[in-house]
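To start, the structure under review is shown below, and the notes come after it.
Spelled out as structure tokens, the structure:
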């Protein structure tokens, strides 16, 4: 039996399966400030996921900055949102793309699915779904974290809790504790920290 992806509600700190978090937030949140409820997950790594609340005026640029800070930023790469046929790029340089100054609410009503890519060389791709409008407590931030996945613990080859992995071993990475990482020997070791991000092990990302 597969173990369901789990996460924590930032309001009540309750841990729940990913499949139950949307309905839980509808019951848990109380407030009269309307915000856009957006779910983000790794397009190729759905174990990583976020629930966000955005004010109506929150821009793509603010959302891009939030995603970089919590999950992505390593070397100041370019990034892009794609909504339908339109591309919105962090530094647009051609007539076929637009800037990130637009408010998400003006481009993506509830029911819209869009994508985000960070780093065009070794990209991390995210899927975003605009679910609904939620009544939230007033807040100063344009984007508020409602819930986040819990990263399942990894086990080292020695049985201890793993903190690093080697991406150069065989056809898959090998999880290692700090002690085993110090002694790890392979042809060309590539050690990365285990972090709660779909960017884990890519480029210079360390969390």
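In our numbering, the protein residues as written are 1 to 207.
For glycine and all other residues, C-beta sits at the position ideal for the given N, C-alpha and C.
Option in the options with minimal Cα separation from residue i
i, options, result
"residue 99", "75, 174, 64, 122", "64"
"residue 181", "165, 187, 196, 44", "165"
"residue 18", "12, 139, 39", "39"
"residue 101", "132, 142, 131, 58", "58"
"residue 6", "184, 151, 110, 111", "151"
"residue 143", "111, 50, 32, 16", "50"
"residue 14", "186, 97, 149", "149"
"residue 196", "207, 130, 187", "207"
"residue 130", "110, 10, 122", "110"
"residue 124", "88, 41, 8", "41"
Beta-carbon proximity check, residue i vs residue j, cutoff 8 Å
i, j, result
"residue 37", "residue 81", "no"
"residue 126", "residue 25", "no"
"residue 138", "residue 33", "yes"
Whole-angstrom distance between residue j and residue i, CA atom to CA atom
i, j, result
"residue 163", "residue 154", "8 Å"
"residue 134", "residue 178", "43 Å"
"residue 85", "residue 113", "12 Å"
"residue 43", "residue 68", "16 Å"
"residue 61", "residue 156", "39 Å"
"residue 136", "residue 30", "6 Å"
"residue 16", "residue 47", "13 Å"
"residue 188", "residue 12", "45 Å"
"residue 83", "residue 141", "24 Å"
"residue 71", "residue 199", "7 Å"
"residue 108", "residue 90", "18 Å"
"residue 97", "residue 88", "6 Å"
"residue 8", "residue 23", "13 Å"
"residue 55", "residue 122", "31 Å"
Own chain partners of residue i with C-beta closer than 7 Å, once the 5 adjacent residues on each side are dropped
i, result
"residue 167", "173, 190, 192, 201"
"residue 4", "17, 18, 19"
"residue 186", "166, 168, 169"
Same chain, Cβ closer than 8 Å to residue i, five either side skipped, listed in chain order
i, result
"residue 176", "156, 157, 162, 163, 164, 165, 166, 184, 191"
"residue 120", "77, 78, 80"
"residue 1", "Low local confidence applies: a pLDDT of 36 at residue 1 is under 50, so the model's placement there is unreliable, with the coordinate-based value given in what follows. Nothing listed; no residue qualifies."
"residue 75", "119, 203, 204"
"residue 45", "198"
"residue 194", "151, 154, 162, 163, 164, 165, 175, 200"
"residue 160", "177, 179, 180"
Rounded distance between the beta-carbons of residue j and residue i, thought under 8 Å
i, j, result
"residue 53", "residue 27", "In fact, because the Cβ distance is near 15 Å, the residues do not count as touching under 8 Å."
Same chain only: Cβ atoms within 6 Å of residue i, ignoring 5 sequence neighbours per side
i, result
"residue 103", "57, 59"
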